[in-house]
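Numbering (my numbering), first residue to last: 9 to 636. Quick reminder that beta carbons are idealized off the backbone N, C-alpha and C, glycines included.
In structure tokens, the structure reads:
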């Protein structure tokens, strides 16, 4: 599958014991720093455009820095930021490096709170100023706020307009920056509330400061900040006084997990990351629930709290199919099940010619679905063998039994991905040719003109890689027919909760539906859909209906798949081509605990999703469709 720019990854660590404890037990006071690095590298699948980390020292003295941050861009950003942090220690003697007290008092990034972020841009904006975490500084420790998250908000325009109406002038138009300023403002108010309470008790000077830091409630800050945001998110933050928090959106769209013992608490975007980094079992890692926040104060006391009332559960199913690490025990089995449930439509595509069919997968993300597909076909073949043996009755012979039992599913390593190919080194005319050779095939794995070739991918979104590389190179094996299988349903709609694919015309399914309208002489329907979408542009998002779903209404999934096969056929390829997609029903059966399917169905869980998809269709109609 061609790469998507998608959601980010978060990681947080809070130590619950002095640095001396970790020096004595683990041989280094950098225990948390090392674990943060491991957790971020294990989530590198979630961000290769940038990375950042922050650290807070507890008990820092005035005149000494207590909050540190490093950010970098590029695929090697994780290595770069930790390299910068460790550069502060390279000139130390072995005695100094082993002195936890010295580190705590004198060295940067020698603290108790750590937060890391991996970035995939979801707005199309780039530059170090957009790399998390964001930082808001103040002379009061409790008012210092460092924020990062895995999110994309659909109503930034509304919130931005509300802020400007109040007389505010945000410096940057982005959901993260606006959230930082809103949350920072509410944090200021929370600090002021406690200041008034301390003054009422006739406290003075540092006693007031200590009272504030002991009584700040970040749940109050989040309740007033997050109530108006529409989108999928996991928000993480730390304050200069030692508060740590993480919150999940009320629909449960984006995932978050946490673990706590007597030494530390950690938060991460994925469960196996925590399991691997800390060597703990799956049932010891807990999932943050929709609308729930987890909080730890400077004393190390932790609690969960329902920040926003949970909405209709809509955990993203595409997380399971494509985004997440496949080493999670549940995700691995779900991906296998996605492949296993595709037996019947694949059999139909190869005309039940199982003995003359070779199965493979497009590396590397579809491998688990491939194993599930093979399992499903082995189950089918075993049933066929049993029925064949039963039909023999009294006529059974050794030769006939051997003939039946020797039938096998023909699984081959058909496709190879040359991951070291770098097409950016070529000039424009050559780049296309190089891109077509990123994949290679095993010559001789298919009987020319006899065998069907079935290859499974995790998803087919744009179809670019299929047309420019995969189908063309599979054709070199001269199969009777090529069947490309997607373990996920047809991606028909943009995502607005974390993935950068907002243009309707990017989707091969959408382009196929438009072409079918033209072929069948029903283009007038598109004009009606446009008018309905246009009429809603100025409505409150809560009143908007997703009329874009009507684009697909006249056609079956098979109609669209057949049209896609035509559109994705490279010039010069004459082999019969079929495309088989997972059904939405099959998706829900395989991933029963992740009902969010808006990519495929158009059923957005938030009002902002409906508003944005209508805007996307209007943009397509006015700037692409009517200009041709």
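Check                                                                                                                    : Outcome
Cβ-Cβ separation, residue 610 to residue 2 (assumed contact under 8 Å), whole Å                                          : Residue 2 is absent from the structure shown; the chain starts at 9 and stops at 636.
Inter-stretch contact (C-beta, 8 Å, three-pair minimum) for the segment 24-35 and the segment 49-59                      : no
Residue 235 classed as buried or exposed, judged by whether at least 16 other C-beta atoms fall within 10 angstroms      : exposed
Assigned exposure category for residue 89 - 16 Cβ within 10 Å defines buried                                             : buried
Inter-stretch contact at 8 Å, needing at least 3 Cβ pairs: the segment 221-237 / the segment 269-289                     : no
Opening and closing residue of the alpha helix (DSSP H) in which residue 168 lies                                        : 164-173
Nonlocal neighbours in the same chain, by C-beta distance under 7 Å from residue 202, ignoring five residues either side : 219, 220, 223, 224
Below-8 Å beta-carbon distance, residue 172 vs any chain D residue                                                       : Among the protein chains of the structure shown there is no chain D, as only one such chain exists.
Residue 429 in three-state terms, based on DSSP                                                                          : Here residue 429 scores only 47 on pLDDT, less than 50, and its place in the model should not be relied on; the value that follows carries that caveat. In the structure shown, residue 429 sits in coil (DSSP, three-state: anything other than H, G, I, E or B).
For residue 604 and residue 323, believed in contact at Cβ under 8 Å, the rounded distance                               : 5 Å
First and last residue of the uninterrupted alpha helix (DSSP H) at residue 312                                          : Per DSSP, residue 312 belongs to no alpha helix (DSSP H); it is in the beta strand (DSSP E), 310-314.
Residue 240 beta carbon less than 8 Å from that of residue 216                                                           : no
Endpoints, the alpha helix (DSSP H) within which residue 541 is located                                                  : 532-543
Whole-Å CB distance - residue 449 paired with residue 424, under 8 Å assumed                                             : 7 Å
Residue 105: CB within 7 Å of a non-hydrogen atom of the ligand FMN                                                      : Although the ligand FMN was asked about, the structure shown includes no ligands whatsoever.
Minimum C-alpha distance to residue 459 - residue among 328, 374, 483, 473                                               : 483
DSSP bridge partner residues for residue 423 (one or two, in chain order)                                                : 449
Cβ-based neighbour list, residue 589, same chain, cut-off 7 Å, excluding 5 preceding and 5 following                     : 494, 497, 498, 565, 569
Bridge partners - residue 492, DSSP secondary structure assignment                                                       : 463, 587
Per-residue burial, residue 531 [other beta carbons within 10 Å of its own, 16 or more giving buried]                    : exposed
CB of residue 68 within 8 Å of CB of residue 141, strictly                                                               : no
Limits of the unbroken beta strand (DSSP E) element including residue 214                                                : From DSSP, residue 214 is part of no beta strand (DSSP E) but of the alpha helix (DSSP H) over 213-223.
Nearest residue (CA-CA) to residue 327, options 318, 275, 338                                                            : 338
Bounding residues of the alpha helix (DSSP H) (the contiguous stretch that carries residue 39)                           : 39-50
Residue range of the alpha helix (DSSP H) that includes residue 91                                                       : 85-95
Presumed contact (8 Å Cβ cut-off) between residue 559 and residue 518, rounded CB distance                               : 7 Å
Simplified DSSP assignment, three categories, for residue 415                                                            : coil
Delimiting residues of the beta strand (DSSP E) encompassing residue 79                                                  : 75-81
Cβ shell of residue 146 (< 6 Å), same chain only, five flanking positions each side left out                             : 152
The segment 338-354 / the segment 584-600 touching (three or more Cβ pairs under 8 Å)                                    : yes
Bridge partners - residue 275, DSSP secondary structure assignment                                                       : 20, 266
Touching by the beta-carbon criterion (3+ pairs, under 8 Å), the segment 303-320 and the segment 249-258                 : yes
Cβ neighbours of residue 435 in the same chain (closer than 8 Å, five flanking residues each side left out)              : Residue confidence is low: residue 435 scores 47 on pLDDT, short of 50, so the model does not pin down where it sits. No coordinate-derived value is stated.
Length at least 4, wholly inside the segment 329-397: the alpha helix (DSSP H) runs in chain order                       : 337-348, 351-357
Residue interval of the alpha helix (DSSP H) (run including residue 105)                                                 : 102-105
For residue 199, the three-state DSSP class (helix, strand or coil)                                                      : helix
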